[in-house]
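Going by my numbering, the first residue of the sequence shown is number 2, and it counts up by one from there.
Structure first, then comments.
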Amino acid sequence: MRDYNTLVIVGAQWGDEGKGKIIDWIAQKAEAVVRFNGGNNAGHTVVVNGKTFKFRLLPSGVISENVINIIANGVVINLLALLEEIKEIESLEVKIKKLYISNQASLILPYHILLDKFIEEKRGDKKLGTTGRGIGPAYSDKVSRESIFVGDLLDKNIFKEKLEDIYRLKEKTLTSSFTLPPLEEVYNSQYKALEEILKRNVEIVNTPLLINNLILKRTKVLFEGANGTLLDINFGTYPYVTSSHTISGGVCIGAGISPDKINKVIGIVKAYTSRVGEGPFPSEIHGELAEFIREKGQEYGTVTRRPRRVGWLDLVALRYSHMINGFSMIALTKLDVFSGLEEIKVVKGYRFKGKIIEEFPVISHQISQCEPIYESLSGWKEDLSSIKNFSELPMNAQKYIEFIEKELNLKISMIGTGNKREDLIVIKDPWE
Ligand code: IMP
């Protein structure tokens with residue numbers, strides 16, 4: 002590995018690990034922040050000076066001064082949603098300082114959204130629980146070479162021609178019960194949104210070139226992952242996954258850099274587990290305890306407001322996540338949610354077909370046959386929000402952290418103790 006100044010942040014679980022807060026802290030010292038996967042299915046919430054920022058497509062660097070923000074090729078972009086998000090940020094008195102969008106990022110067009118909802122409905126009780134934002138159909142179109150890129154919009158004739166070609170094809174290939182929205186409407190709304198966006202400090206460029214040049218100049222570049230490892234299209238709990246590359250390797254694919262340009266990978270691990278949508282979840286908790294965690298951790302989708310399913314920390318799943326991502330260190334979030342619990346459980350292994358296993362089976366129907374084997378730890382009562390040092394944490398909270406470090410053979414370098422920007426214990430600055 003060569004000595005560049007790059008950091009990659011990815012969610013280690015099923016998304017919603019509280020990445021926003023950690024990314025926000027790290028982004029304050031970054032010179033460039035790059036989104037490399039997903040679309041507006043992701044949601045990061047950051048609370049700064051009493052203002053709540055909800056990011057879906059914009060890189061978290063937009064609220065930091067002097068940061069170059071980049072949306073790379075691997076992202077699927079709904080221009081209307083992006084414009085809405087920009088306006089939301091502006092209503093909080095933040096101006097976009099510099100945003101570059103890849104000319105090769107695929108557009109999410111209105112028919113992708115309609116198709117996403119249409120397919121989910123047809124799946125009936127086998128639904129995946131998608132966010133309904135058109136993510137799957139947009140990535141499917143990319144793979145089947147029917148995508149329209151953001152850069153295509155820069156030439157009105159090319160955009161029109163591509164849209165007409167795709168409409169001709171889709172009218173023949175889509176099921177007869179699915180109706181495409183009027184072409185003219187799609188064409189006009191995309192143009193209007195792009196024109197509005199380009200009135201800001203936004204440029205559509207060749208982002209792999211831009212990113213590689215920044216890296217070679219030793220710029221501090223933060224790659225911000227969306228969703229989570231177990232939602233990865235290749236390595237997640239398929240088919241209950243999203244359609245992009247959510248893992249550290251996704252940076253190479255989504256941003257166009259070679260693997261040797263990644264210096265460190267930071268895995269964001271929530272003190273417990275959550276998941277939205279369907280799919281296996283061995284450590285899931287139900288009833289009053291689940292309610293307690295859901296309410297205290299505000300486990301409701303940033304994008305859809307759906308209540309999230311919650312469960313104990315799962316070391317079997319995390320060992321797999323570490324194997325796939327190669328974490329250099331971990332940031333543990335939302336430890337404060339446990340304050341007030343007498344007992345905290347952690348999954349150490351699974352019982353599968355009568356045998357004890359420590360490896361994550363990955364295949365969804367096998368995971369749902371696994372029974373978790375728990376280790377029980379003692380909880381604590383104290384509020385953690387004002388704590389700034391590891392040694393000030395209640396003894397049982399320290400033991401919980403040390404237990405995770407030992408089990409995963411990884412250092413925890415940051416600990417989230419509340420939802421505000423300052424509620425954070427930094428043991429080791431990842432940039433150092
Ligand atoms: P899609 O990404 O909308 O296609 O949804 C596919 C699956 O991924 C669903 O179970 C979603 O709930 C889940 N998902 C997508 N993005 C996120 C995220 O940012 N956090 C948590 N779950 C997500």
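Glycine residues also receive a C-beta, built at the ideal position from the N, C-alpha and C atoms.
Bear in mind that the values here come from a model prediction, so they are computed numbers and not experimental data.
Distance check for residue j and residue i, CA to CA, integer angstroms please.
| i | j | result |
| --- | --- | --- |
| D117 | I109 | 11 Å |
| F119 | K128 | 11 Å |
| F236 | I374 | 23 Å |
| K218 | K262 | 12 Å |
| T132 | K52 | 25 Å |
| I368 | V144 | 28 Å |
| E165 | H113 | 16 Å |
| N38 | K346 | 32 Å |
| S177 | Y192 | 28 Å |
| N326 | D233 | 11 Å |
| I413 | P138 | 37 Å |
| V277 | P308 | 7 Å |
| L223 | T7 | 6 Å |
| G350 | V317 | 6 Å |
| P283 | Q370 | 8 Å |
| N390 | G419 | 14 Å |
| I446 | I159 | Residue 446 is absent from the model: the chain starts at 2 and stops at 433. |
| P240 | G302 | 20 Å |
| K171 | V187 | 14 Å |
| S275 | K173 | 41 Å |
Are any of the Cβ atoms in chain D nearer than 9 Å to that of residue i?
| i | result |
| --- | --- |
| K173 | This model lacks chain D altogether; it includes just one protein chain. |
For the beta strand (DSSP E) that residue i lies in, which residues bound it at each end?
| i | result |
| --- | --- |
| T334 | M330 to T334 |
| I31 | As written in the sequence, residue 31 is Ala, which differs from the Ile given in the question. Careful: A31 lies outside any beta strand (DSSP E) and carries neither H nor E. |
| S103 | L100 to S103 |
| G39 | Premise fails: G39 is in no beta strand (DSSP E) and is neither H nor E. |
| F224 | V222 to E225 |
| F56 | K52 to F56 |
| H246 | Taken as a continuous stretch (DSSP letters only), H246 belongs to no beta strand (DSSP E), as it is neither H nor E. |
| T7 | T7 to G12 |
| K412 | Counting along the chain, K412 falls outside any beta strand (DSSP E), and DSSP gives it neither H nor E. |
| R306 | Element bounds for R306: n/a, residue is neither H nor E. |
| L425 | L425 to V427 |
| R422 | Here R422 belongs to no beta strand (DSSP E), and DSSP marks it neither H nor E. |
| K356 | K356 to I358 |
Which term fits residue i, buried or exposed, when burial requires 16 or more other beta carbons within 10 angstroms of its beta carbon?
| i | result |
| --- | --- |
| T208 | buried |
| H1 | Since the first and last residues shown for the chain are 2 and 433, residue 1 lies out of range. |
| D156 | exposed |
| H246 | buried |
| R36 | buried |
| E393 | exposed |
| K20 | buried |
| Q14 | buried |
| W432 | exposed |
| K96 | exposed |
| M415 | buried |
| I364 | exposed |
| H366 | exposed |
| Q299 | exposed |
| V338 | buried |
| S107 | buried |
| G355 | exposed |
| E360 | exposed |
| K221 | buried |
What span of residues does the alpha helix (DSSP H) with residue i cover, start to end?
| i | result |
| --- | --- |
| I212 | T208 to L217 |
| P260 | Where P260 is concerned, there is no enclosing alpha helix (DSSP H), given that its DSSP letter is neither H nor E. |
| Y351 | It is not in any alpha helix (DSSP H) - Y351 instead sits in the beta strand (DSSP E) that spans E344 to F353. |
| P437 | Shown here, the chain extends from 2 to 433; a query on residue 437 therefore has no answer. |
| S190 | L184 to L199 |
| E403 | M396 to L409 |
| I72 | From DSSP, I72 is part of no alpha helix (DSSP H) but of the beta strand (DSSP E) over I69 to I72. |
| K123 | P111 to R124 |
| I388 | No alpha helix (DSSP H) holds I388; DSSP gives it neither H nor E. |
| S141 | I136 to V144 |
| T174 | K157 to T174 |
| V48 | Taken as a continuous stretch (DSSP letters only), V48 belongs to no alpha helix (DSSP H), being part of the beta strand (DSSP E) at H45 to V49. |
On the premise that residue j lies in contact with residue i, defined as a C-beta separation below 8 Å, what is that separation, rounded to the nearest angstrom?
| i | j | result |
| --- | --- | --- |
| N41 | N79 | 5 Å |
| E225 | V47 | Contact flag wrong, Cβ pair sits at about 12 Å. |
| A272 | T334 | 7 Å |
| I267 | V203 | Their Cβ separation, rounded to whole angstroms, is 28 Å, which puts I267 and V203 out of contact at 8 Å. |
| I149 | K161 | That pair is no contact at about 11 Å. |
| G255 | A73 | 5 Å |
| I25 | R422 | Sequence check: residue 25 is Asp here, not Ile. About 6 Å separates the two Cβ atoms, so the contact holds. |
| R352 | E372 | 4 Å |
| A31 | G62 | 6 Å |
| S249 | V77 | With 8 Å as the limit, S249 and V77 do not qualify as a contact, their Cβ atoms being about 20 Å apart. |
| G280 | L342 | G280 to L342, Cβ: 26 Å. No contact. |
| G257 | I212 | 7 Å |
| L314 | L409 | Wrong, their Cβ atoms sit about 10 Å apart, outside the cutoff. |
Compute every distance between the C-beta of residue i and the non-hydrogen atoms of the ligand ATP, then say whether any falls below 8 Å.
| i | result |
| --- | --- |
| N228 | As far as ligands go, the structure on display features the ligand IMP and does not contain the ligand ATP. |
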